[in-house]
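Each remark here refers to the structure printed beneath this line.
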Amino acid sequence: MKIIIYLAASANGLISNNRNVPDWLSPEYGAGFMAISQRTQAVIMGKTTYNILSPDYLPLKEGSLVVLTHDTNATPSQSNVLFTSDSPEKIVAALASKGHTEAVIIGGTQTVSAFMKAGLVNEIILVVEPVLFGSGLLFVDDADFEYQLALLDVKKLNNNTIQLHYEVKDKRI
């Protein structure tokens, strides 16, 4: 199963500001976010990302929305949301058993780090927005790994925003 990370980052590499408010994201990022979610029909996110998006901005009304959380008894805002504390390997197996051939991770740091540590990520699509944060969330945190990436594509999304599309090559160097 193909696992893709789709995230926005500041020009200094942070994926969120301290306010945890996504008001810095371009409309082009939002359009890409919705397009990849619709294409994969399987979206993985952490609970903080879910709390920011739910209920009005969740990217799928059908398909699979998997939310990593320790609060697995929380009440989801729609029927296709699964709260789980399962390992990345179990999540991938569960999505594959539902017939999914690819899934997209849309945040956050802990979720991205868990899937990267497990060696399950195949591609990274990073939208670099024209903003700098003095502090905020890292792309990955507390991670003991190195990956080689191969640049597949670069797109200028608007006058100030670019999209970098990478393939994850060597899982561990």
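Under the numbering used here, the residue at position 45 of the sequence shown is numbered 32, and the numbers go up by one with no gaps.
We treat Cβ as the ideally placed atom computed from N, Cα and C, and that holds for glycine.
>> Closer than 8 Å is the cut-off here; do at least three beta carbon pairs connect the stretch 127 to 140 with the stretch 94 to 112?
In response: With the cut-off at 8 Å, the stretch 127 to 140 and the stretch 94 to 112 touch.
> Which of helix, strand or coil does DSSP assign to GLY95?
Replying inline: Counting from one through the sequence shown, the residue named residue 95 turns up at place 108. Note: GLY95 maps to coil in three-state DSSP.
> Could you give the C-beta distance for VAL115 and ILE149, rounded to a whole number, given that I count them as a contact under 8 Å?
Replying inline: Taking the sequence shown and counting its residues from 1, one reaches residue 115 at position 128. Taking the sequence shown and counting its residues from 1, one reaches residue 149 at position 162. VAL115 to ILE149, Cβ: 5 Å. Contact.
> CA-CA distance, ASN(-1) and GLY123?
Replying inline: Along the sequence shown, one-based indexing puts residue -1 at 12. Along the sequence shown, one-based indexing puts residue 123 at 136. Distance from the CA atom of ASN(-1) to the CA atom of GLY123, rounded to whole angstroms, is 10 Å.
> The beta strand (DSSP E) with LYS142 in it runs from where to where?
Replying inline: Stepping through the sequence shown from its first residue, residue 142 is reached at position 155. Here the beta strand (DSSP E) through LYS142 covers 136 to 143.
> Going by other Cβ atoms of all chains shown within 10 Å of its Cβ, with 16 needed for buried, is MET32 buried or exposed?
Replying inline: Along the sequence shown, read from residue 1 onward, the residue named residue 32 stands at position 45. Residue environment analysis places MET32 among the buried positions, since at least 16 neighbouring C-beta atoms fall within 10 angstroms of its C-beta.
> For LEU69, which residues of its own chain have a beta-carbon under 6 Å away from its beta-carbon, when the five flanking residues on both sides are left out?
Replying inline: Along the sequence shown, one-based indexing puts residue 69 at 82. Excluding residues up to 5 positions away in sequence, VAL53 lie with their Cβ nearer than 6 Å to the Cβ of LEU69 in the same chain.
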